[in-house]
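Chains as they are written, first to last, in the UniProt record's numbering: chain A, 1 to 739; chain B, 1 to 739. The C-beta atom is built at its ideal place from N, Cα and C for all residues, glycine as well. Worksheet: the structure to be examined is printed underneath.
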């Protein structure tokens with residue numbers, strides 16, 4: 001047995017009675033779930049260190065979004081100084097190094113999700129991209145990022161009007177052989193790079209993806225144009241223009257020389273009209289009540305014209321300096337701004353950026369797959385280098401796996417809060433809570449199977465977590481709605497994961513595509529190095545199975561669950577394939593045919609495959625477990641399997657696997673029996689899932705179970721909570737009657 | 001045709017192409033959905049008035065929670081001054097007056113949900129309760145509230161450790177015949193009244209529900225006790241005590257006279273230990289850096305002892321003065337505080353209160369069902385007056401109906417944002433959005449059927465809205481996560497509705513109970529004055545029905561949908577009844593038996609009944625519609641019915657209504673066909689559902705469809721959005737390399 005004394009014991013209290021009924025030691029379960037003693041130690045070391053550091057103390061009221069950004073950046077700086085990633089870890093095997101990075105990420109994420117996002121994007125994603133897309137000449141950036149922490153980077157891919165479809169991006173980088181520079185340009189606001197994490201306030205460099213254009217087509221160079229700027233009837237600036245000076249003030253006498261009246265702000269709301277960039281001159285020596293805002297016709301009148309015959313070599317990566325690292329001032333030629341307030345993770349400064357003929361050195365092109373010579377000739381040993389890039393981007397699974405790990409933390413924390421609350425609030429009442437317990441092992445093997453696995457698992461896990469956190473909030477009733485219960489923050493910070501790093505719907509479709517390919521070629525053997533779909537070769541036999549159980553015991557068996565999932569996958573694949581073929585044969589385009597299948601099949605297919613993966617890998621782990629944990633792990637696995645199957649009863653009936661009421665009756669009876677069996681274990685399971693109280697940061701879920709004392713402390717201790725409102729004079733009636 | 005020119009026309013723009021395909025006039029649909037021309041005019045009048053009033057302008061950044069409370073209170077004062085409720089409306093019929101109040105509530109809620117909650121609790125709920133529970137002597141409170149707006153009230157029912165189960169409440173009001181007062185007391189923190197809206201900062205009176213105790217049992221009066229206050233070993237105050245002075249400072253020399261050292265705050269976090277009320281003395285003339293906090297052994301040493309033989313007459317209502325209306329200072333003898341930050345609706349000052357032998361005049365008892373004479377004798381003409389009160393509280397359906405109306409607004413707004421975004425972002429893409437469109441008519445008739453109807457409909461509507469807002473957020477991708485998209489606020493402010501005014505799970509169970517009673521007595525005729533369950537008398541025939549359709553056209557018929565719902569209800573009732581009886585016959589208690597049925601049946605039963613109600617009442621309205629709107633309304637109704645049925649396929653298969661794949665196949669094909677039929681209508685449907693742009697307050701959902709211009713304005717116009725962070729000095733490295 002491993003020495004787990006580094007995990008602090010839990011305080012004795014009202015939860016003791018529930019803990020005494022558990023069949024296992026919660027610390028051993030925690031180790032089993034983590035899977036590695038050193039990583040678990042690392043996690044606790046990080047939690048203990050941050051708990052002692054007052055910079056990481058939870059604020060008593062939510063700071064302004066600006067203050068959240070400041071604290072997040074300061075916390076990142078502090079974490080850099082703590083050097084949790086030792087040189088020894090960095091020099092170990094790829095797999096060990098990756099798991100160490102992921103553990104640090106998870107430990108930091110659980111304390112402040114914004115910090116981990118900041119670190120993941122600004123340091124790890126950037127330096128990995130330099131290694132995979134760049135060459136020796138970019139080592140200086142790598143060194144300054146990962147070792148010296150002088151660079152904090154961002155990742156500029158998405159544009160305002162274009163999601164992640166790389167072919168539609170409009171930002172261009174045109175090579176100028178005279179100066180040996182790339183000229184980066186944003187044609188209009190729709191092409192502004194946006195949602196760029198770290199860009200709003202803090203990054204010094206961005207990894208830009210832009211269409212690379214060389215001068216071997218016709219480049220007409222600088223031209224003067226008469227460009228319509230404002231509507232003569234209303235003097236409103238036309239949409240799509242950024243008019244105004246973007247740099248320092250040159251000469252105060254410029255003010256007011258234009259000789260016409262320009263409407264600047266809507267008098268009703270004082271909002272600046274679209275197309276204008278208007279700023280206050282800042283603090284002056286005196287008369288600070290007057291705002292000397294100014295407007296100049298800026299540089300946008302001069303344009304590079306690039307005709308359609310200029311060769312566009314597609315999307316490439318560039319390192320672009322954005323801010324002076326010494327002063328954090330934005331360089332001239334850029335319009336950089338913060339995206340403003342979001343629903344959650346407000347510690348991250350998501351930004352947007354527009355380039356106005358902005359120049360960067362030729363060497364800043366990430367040139368692993370293709371380069372541009374000093375003279376402007378495009379050279380590559382790959383036939384389609386921009387497709388290589390696309391493929392490389394698509395397979396950046398690390399971010400998605402990180403999100404899954406974070407989701408595991410979020411769901412664990414939410415469930416810990418809800419279960420401890422339920423246990424202290426009252427005896428277990430009307431309904432039991434299911435604990436979908438998932439464990440993912442990281443494997444390195446065939447890329448396409450892994451891509452499919454990750455693409456279906458990220459949606460499953462992030463959606464399941466979103467639902468579970470919401471159910472936990474509702475299970476905690478009104479008190480769950482208190483900010484200090486932490487369920488609101490868990491939810492709002494988790495929320496964007498269903499969209500970013502690959503929208504869940506898009507990823508589901510990709511996983512479905514891979515599965516269909518395997519199904520179609522199953523007769524000739526599947527391409528499944530990890531063996532997750534080899535059963536498809538037995539598809540006909542599997543589909544002949546019928547449900548024939550008569551007792552719940554037969555259902556509460558991992559073998560039953562796995563074979564039912566195999567039936568489901570075979571049936572869904574057969575049906576999806578048939579429907580798709582039938583739509584195509586009716587003359588529908590492939591896109592339309594897919595759309596029709598998507599609503600009811602593709603998404604289900606992908607979800608069922610993800611659940612199947614969770615069950616088979618978890619089953620393998622459980623069977624290898626040789627401590628006393630196997631019984632409880634097996635119960636949790638069966639519970640999860642049955643609960644998941646319950647979501648697919650329609651398909652099981654529709655496909656004829658079962659008819660009549662026995663399947664639904666037995667399945668739901670089995671689930672209720674599993675609830676009863678897990679009831680004595682559940683508080684200790686939650687102890688194993690929960691982080692420390694400091695990290696959990698919930699007045700309802702503290703491990704001591706002293707619900708009402710903790711609630712009282714929180715309510716009485718709130719800043720100014722019992723004070724008369726400072727604004728009382730504004731709201732009382734004058735001379736009210738005494739009643 | 002009604003003159004609808006008071007509804008502003010929509011701006012022409014990119015959405016025109018979608019609007020031109022609609023088969024109907026969106027303003028007529030808006031009127032049809034609202035159901036009353038005068039009410040629609042009232043709503044627009046309110047929206048236009050508030051749009052012009054700068055106090056209601058949306059803030060550019062989220063204000064602090066304290067500032068949100070201040071603005072909300074100022075807005076309430078302003079709305080009071082606008083007098084939207086005219087004397088004429090007030091004097092009209094009950095039904096007209098109620099609908100006018102609900103319309104004002106909905107219009108205000110859509111601009112700031114906190115204001116409408118404040119108004120509903122503080123003015124309407126309180127004055128209604130005075131009318132239904134009080135007598136002539138409480139008219140002064142009524143007048144001061146509804147006419148003079150001098151009183152802002154709150155509603156103190158829930159206690160920290162007890163939800164809405166009135167029997168378990170611990171706050172007592174003991175009558176003291178000597179002074180002719182009630183002495184209100186809170187035995188411990190678990191009995192503190194909490195979540196009391198308006199109590200935290202602003203209300204002047206609270207409507208308190210407390211156990212009434214008369215002195216005709218033994219009242220031992222005032223006694224001195226030796227009460228353990230602090231642990232001698234650690235000098236920590238025992239939990240459950242409120243120690244400290246609650247009023248004005250009497251004499252500065254009291255400080256430090258106790259002669260022992262009391263630990264006051266945790267040195268690590270500076271949080272006050274539980275059980276202490278410690279406050280700063282406030283501003284002094286000089287030396288303001290020193291905080292003269294003080295602690296005195298307070299009044300809690302003196303206690304009324306009420307022995308078990310003192311008669312407890314159960315829960316009664318009292319009007320309790322909380323703050324001086326002239327100064328908003330809390331009266332001595334009370335501990336009143338704000339609940340602190342919540343997930344949403346932070347404009348509402350939810351509070352908690354504890355009473356320390358607090359005295360109120362005898363007359364403040366709401367005495368419609370029972371009174372206490374001056375000498376302390378309890379008198380009532382009702383046999384169980386406290387049960388009367390409970391029944392009266394349970395049937396306060398108005399609040400729940402208000403929530404449903406607000407949910408309709410929330411779901412309409414979210415769908416408007418998502419559809420307009422989808423239409424401008426790209427052509428309708430891979431999937432269609434369903435529009436669950438619900439309309440509820442208000443009827444006044446048999447109380448128990450209405451209670452059942454409201455109890456199942458509130459959960460259906462609030463849960464559906466929560467899911468729909470989330471799906472709208474996801475459908476808007478990353479941009480939906482922007483604060484200025486407004487989907488986050490719509491969601492967070494809607495979120496508590498699933499818990500308050502009757503937790504959804506509890507309400508569902510109550511509706512299920514009523515349905516089961518009807519089922520059990522169906523042979524002898526059902527008690528259904530509104531006719532919603534009269535079909536139960538044909539239960540046997542209905543259950544003999546089998547699914548036999550062969551074409552989607554047969555499913556796209558309201559008659560098919562209604563008859564399938566009747567089958568579902570009959571089957572669910574039969575199964576629930578059987579399962580419940582079987583559990584009871586196995587020796588389970590009624591509570592346990594209900595719990596077992598609850599997980600899979602009761603909740604479904606209640607939901608299916610609610611959907612059935614929506615469908616039959618909507619169908620009735622549609623059939624009465626004689627304008628050109630009937631086709632589109634019918635399409636929406638069929639779409640909703642099919643979409644809802646799709647959620648219950650398992651039950652339809654399990655119960656043998658269908659077997660094999662034809663039901664699922666045809667149902668889902670019919671839904672896809674309805675999507676296609678509704679596609680040309682959907683933008684105009686949304687125009688009819690949406691409030692004005694000012695109220696919708698979403699950068700993604702503006703009616704002009706100029707998505708990118710609006711987004712640009714929002715991003716560029718954010719306060720300080722392009723400034724260098726003011727805290728840049730704290731986060732840059734000293735002397736970084738130039739890269």
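- Look at residue 105/A: its C-beta is not under 9 Å from any C-beta on chain B.
- Residue 455/A counts as buried, since at least 16 other C-beta atoms from the protein chains shown sit within 10 angstroms of its C-beta.
- At a Cβ-Cβ threshold of 9 Å, residue 348/B and residue 320/B do not count as neighbours.
- Put simply, the backbone Cα of residue 480/B is about 19 Å away from that of residue 156/A.
- Within the region 563-600 of chain B, the runs of alpha helix (DSSP H) at least 4 residues long that lie entirely inside it are, in chain order, 590-597.
- Those residues of the region 681-696 of chain A placed with their C-beta closer than 8 Å to a C-beta in chain B do not exist.
- A direct Cα-Cα distance of roughly 21 Å separates residue 473/B from residue 713/B.
- Assignment of residue 330/A by DSSP, reduced to helix, strand and coil, places it in the strand class.
- Neighbourhood of residue 341/A in chain B, by CB distance below 7 Å: 61, 62, 483, in chain order.
- Among the residues of the region 610-628 of chain A, none has a Cβ less than 8 Å away from any Cβ of chain B.
- At least one CB of chain B lies nearer than 9 Å to the CB of residue 329/A.
- Annotated three-state conformation of residue 647/B is coil, per DSSP.
- In the DSSP assignment, residue 312/A is bridged to 213/A.
- Within the DSSP secondary-structure output, residue 173/A pairs in a beta bridge with 184/A, 212/A.
- By the rule that beta-carbons nearer than 9 Å mark a contact, residue 558/B does not touch chain A.
- By the C-beta criterion, the region 116-133 of chain B is judged not to be in contact with the region 43-57 of chain B, since fewer than 3 inter-stretch pairs fall below 8 Å.
- When C-beta atoms of the region 630-642 of chain A are compared with those of the region 605-619 of chain A, three or more pairs fall below 8 Å, so the two segments count as touching.
- The beta carbons of residue 122/B and residue 154/B sit closer together than 9 Å.
- Per DSSP, the unbroken alpha helix (DSSP H) holding residue 44/A starts and ends at 37-52.
- Boundaries of the alpha helix (DSSP H) harbouring residue 19/B: 16-19, taken from the DSSP string.
- DSSP lists 379/A as the bridge partner or partners of residue 371/A.
- Residue pairing for residue 358/A: DSSP places it in a beta bridge opposite 184/A.
- The alpha helix (DSSP H) runs lying completely inside the region 51-97 of chain B and spanning 4 residues or more are 65-82, 87-91, given in chain order.
- Closer than 9 Å to the CB of residue 549/A there is not a single CB belonging to chain B.
- Taking 9 Å as the threshold, the shortest C-beta distance from residue 586/A to chain B does not fall below it.
- Taking the CA atoms as reference points, residue 327/A sits about 7 Å from residue 732/B.
- For residue 124/B, same chain residues with a beta-carbon under 7 Å away, outside a window of 5 residues either side, are 101 in chain order.
- Using a CB distance cut-off of 9 Å, residue 733/A counts as an interface residue toward chain B.
- Under a 10 Å Cβ-count criterion, residue 317/A is classified as buried, with 16 or more other Cβ atoms of the shown protein chains found around its own Cβ.
- What residue 69/A touches in chain B, judged by beta-carbon distance under 9 Å, is 725, 727, going in chain order.
- One alpha carbon belongs to residue 512/B, the other to residue 61/B, and they sit about 45 Å apart.
- Contact note: residue 160/A reaches chain B through 708, 711, using a C-beta cutoff of 7 Å and chain order.
- Under the three-state reduction of DSSP output, residue 323/B falls in the strand class.
- When rounded, the separation of the alpha-carbon atoms in residue 112/A and residue 683/B is 41 Å.
- Judged by DSSP secondary structure, residue 24/A falls outside any beta strand (DSSP E); it is assigned neither H nor E.
- Contact annotation: the region 637-654 of chain B does not touch the region 710-728 of chain A, with fewer than three C-beta pairs closer than 8 Å.
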